[in-house]
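Heads up: the structure comes next, in structure tokens.
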Ligand code: HEM
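This is how it looks when you write it as structure tokens:
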């Protein structure tokens, strides 16, 4: 950071981190007590007691002004590794691993270990001035919360699904079925609601007192901040702008997200998994939704919030947001690849004097390859899917429903596909018709 | 007679609450039927329908946050004037002068929290397959509620009229000028053209309709203020009524058959 020395940052954040580690210590102490007293698992209890004690020591160190941080070399390595390819491919691979190994990580002790690791990682990273500056920006705090909440609820849902799937193998009904006795809403539900409301009010009050709502300088239409970011929940859309023009990233794709979401109940013909957690019984819809929600929505928001800095460049989590960082952009349109690279000619150019029709024809000639590819993708691929891997779907869904699903899926895949094309071929537009604002 | 009993035996109390304290089974049933607020709920419910580990209570939390936003929002309206002259200063005053300035924090963090809890609610509904018949339509209502929640948050973001606000809204609303056919930089905008005169210009396109001007200015502030404080909340309230009604009509919280 400019103007603030590393030492100042550390001393500023040290008291907070002291409290943070103390919280970690008590959290693990409670867990140890629970394991020992209620579960009689002395060995596990001992491990977490030891960890808790260790956290007390770390907390003391932090309060004394020297919280542990990451060595410079590790931070540099992480910064160096940060990039769109590693980030997107990495998170996707993580999701796949989480899916394949779900029976392992839903075990409470494994999940608890992972939680502790992520919390400690967060703590040691906070010592870094650049990391702290981004994470503690008031409007970014909710996203940190979102990440942990999503982690928790994904764990909860997966644990219940794994349990139900195991039960199904033994011919048992899902656990939800065991609770189908009726209870009176007063008091059972009404009191829960009341307690929830009180707890939430308390939480909101604490949050409001602890963290002041941001207010920057008065609006000025001449001073453009760099980076200019949309509100955090739209940063996934802003990230798409890197790969698609605004008409796609800002209008068509978001609309299709909504249409696609609304269409889910009418496309998912699978009757199983209605009213209980399961993965085995609805793998396809589960995987599509997880990929769409966690990968294409949430991780893009995280990327946009924490990793995108000035000029929308990517910055590592421990990297200074230098507005002068320049990245060479040498993206090439498909038509340029074809005419200049492959044919060795100049691009066909519509002459300004020609009639509109002949201009359009020249443009179509220039862009023919991209147009053919895109038409093939959206028109020829669905029947092909219906005839091959999605045969069963097609038979069950009928023509219209299948075509709708296939096109929605293809639009969804259009984003990761374009990302890969950009990373591998520096491809800018598949169809580039700036004359009509029609770049694809 | 204790004071509590005296109050509960009084004519005024009895005129408000049409039943005795719900301490026995009969009255616990009656209370649900005769109280306006409680009749939103059924009288009895499957145990699993109220298990926190099943619903995460996320729909309920979202609704509660909506109520918090409504109350704090109305109170904030007492302090805030949506004009270029006053908007920023009024927010500044909320921070530095007004004794109830914490309202703004409650409102802002409540809004962030609501966006998060809607997503989590949708996530839960998906993961339990609760959108499957007969609840398809309620899922669709939910998707519209999701959109409206985001729009509520988005329109509110502008109101403090600071750098954060106008640039976030500028970035967000710039997309609208690329709307196909209806945006002046959108594909197909040349199509709406009468005798060589473009119908879609930067002073008549989708973005202009949203902003009330060619850039984020006072007209935009007015538009977003009305959308944020009146139009969208009314829409949400109506849809929520349908949403809750449908939860009941579709057979209560989903569960295995
Ligand atoms: C302002 C936003 C919303 C509010 C306040 C809200 C509120 C609620 C509440 C209180 C319930 C009762 C069960 C529960 O708490 O989980 C519910 C159920 C339901 N919600 Fe929402 N909801 C909202 C948005 C959504 C969204 C975005 C979706 C999906 C896209 C959705 C779909 C559903 C469905 C299908 C049910 C029935 C679930 C079942 O029976 O298990 N809702 N909603």
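Residue numbers (the working numbering), protein chains in the order written: chain B, -13 to 426; chain Z, 47 to 303. Glycine included, every Cβ here is placed at the ideal spot set by N, Cα and C.
Alpha-carbon to alpha-carbon, residue 66 of chain B and residue 109 of chain B: 21 Å
Anything in chain Z within Cβ reach of residue 279 of chain B, meaning under 7 Å, just list it in chain order. The answer, in chain order, is 169.
If you draw a straight line from the C-alpha of residue 353 of chain B to the C-alpha of residue 285 of chain B, how long is it? 33 Å
Kindly indicate if chain Z contains any beta-carbon less than 8 Å away from that of residue 155 of chain B. It does not: the Cβ of residue 155 of chain B has no partner Cβ on chain Z nearer than 8 Å.
Using the beta-carbon count (16 or more within 10 Å), is residue -5 of chain B buried or exposed? Buried is the call here.
Below 7 Å, is the gap between the Cβ of residue 189 of chain Z and the nearest heavy atom of the ligand HEM? yes
Using alpha carbons as the reference points, say which of B:148, B:86, B:359 and B:277 lies closest to residue 265 of chain B. B:148
Does the Cβ of residue 182 of chain B lie closer than 7 Å to at least one heavy atom of the ligand HEM? The ligand HEM never approaches residue 182 of chain B closely enough for any of its heavy atoms to be under 7 Å from the residue's Cβ.
Residue 203 of chain Z at chain B interface by Cβ criterion, 8 Å: yes
State the beta-bridge partners of residue 184 of chain B as determined by DSSP. DSSP lists no partner for residue 184 of chain B.
Provide the residue span of the beta strand (DSSP E) that contains residue 90 of chain Z, from first to last. 90 to 92
Cα-Cα, which of B:254, B:368, B:128 and B:172 is closest to residue 81 of chain Z? B:172
According to DSSP, is residue -4 of chain B part of a helix, a strand, or is it coil? helix
Hey, residue 41 of chain B and residue 4 of chain B: beta-carbon distance below 8 Å or not? For residue 41 of chain B and residue 4 of chain B, no; Cβs fall outside 8 Å.
Less than 8 Å between the beta carbons of residue 198 of chain Z and residue 133 of chain Z, yes or no? no
CB contact below 8 Å: residue 103 of chain Z versus chain B: yes
Please say whether residue 221 of chain B and residue 287 of chain B have beta carbons closer to each other than 8 Å? yes
Host beta strand (DSSP E) of residue 169 of chain B (start-end): 168 to 170
Does the ligand HEM have a heavy atom nearer than 7 Å to the CB of residue 221 of chain Z? no
Does the ligand HEM have a heavy atom nearer than 7 Å to the CB of residue 174 of chain Z? yes
Less than 8 Å separating the beta-carbons of residue 130 of chain Z and residue 286 of chain Z? no
Helix, strand or coil: how does DSSP classify residue 296 of chain B here? helix
Residue 235 of chain B by DSSP, collapsed to three states: which one? DSSP places residue 235 of chain B within a helical segment (H, G or I) once states are collapsed to three.
For the ligand HEM, is there a heavy atom less than 7 Å away from the beta-carbon of residue 192 of chain Z? yes
Residues near residue 429 of chain B in its chain [Cβ-Cβ closer than 8 Å; skip 5 each side]: The structure shown does not extend to residue 429 of chain B, since chain B spans only -13 to 426, so no value can be given for it.
Classification of residue 244 of chain Z by the beta-carbon crowding that lies within 10 angstroms, buried from 16 upward: exposed
Whole-angstrom distance between residue 310 of chain B and residue -12 of chain B, CA atom to CA atom: Model confidence at residue -12 of chain B stands at a pLDDT of 48, short of 50, so the residue's coordinates are unreliable; what they give is reported in the following sentence. Computed Cα separation, rounded: 14 Å.
To the nearest angstrom, how far is the alpha carbon of residue 153 of chain Z from that of residue 111 of chain Z? 9 Å
For a quick check, are the C-beta atoms of residue 88 of chain Z and residue 294 of chain Z less than 8 Å apart? yes
Along chain Z, in chain order, which residues have C-beta atoms closer than 8 Å to that of residue 168 of chain B? 90, 91, 92 and 93
By DSSP, does residue -13 of chain B sit in helix, in strand, or in coil? For residue -13 of chain B, the predicted structure reports a pLDDT of 43, less than 50, and the residue's modelled location is therefore unreliable. A value from the coordinates is still provided. Looking at residue -13 of chain B - three-state DSSP - the assignment turns out to be coil, as it is neither helix nor strand.
Just to confirm, does residue 73 of chain Z get its C-beta within under 7 Å of one of the non-hydrogen atoms of the ligand HEM? no
Using a Cβ-Cβ cutoff of less than 6 Å, which residues in the same chain neighbour residue 348 of chain B once the five nearest sequence positions on both sides are dropped? 334 and 336
Is the number of C-beta pairs between the stretch 123 to 143 of chain B and the stretch 19 to 36 of chain B that are closer than 8 Å three or more? Under the three-pair Cβ rule at 8 Å, the stretch 123 to 143 of chain B does not count as touching the stretch 19 to 36 of chain B.
Going by the beta-carbon positions, is the gap between residue 221 of chain Z and residue 195 of chain Z smaller than 8 Å? no
Would you mind giving the Cβ-Cβ distance between residue 169 of chain B and residue 93 of chain Z, rounded to the nearest angstrom? I have them listed as a contact below 8 Å. 5 Å
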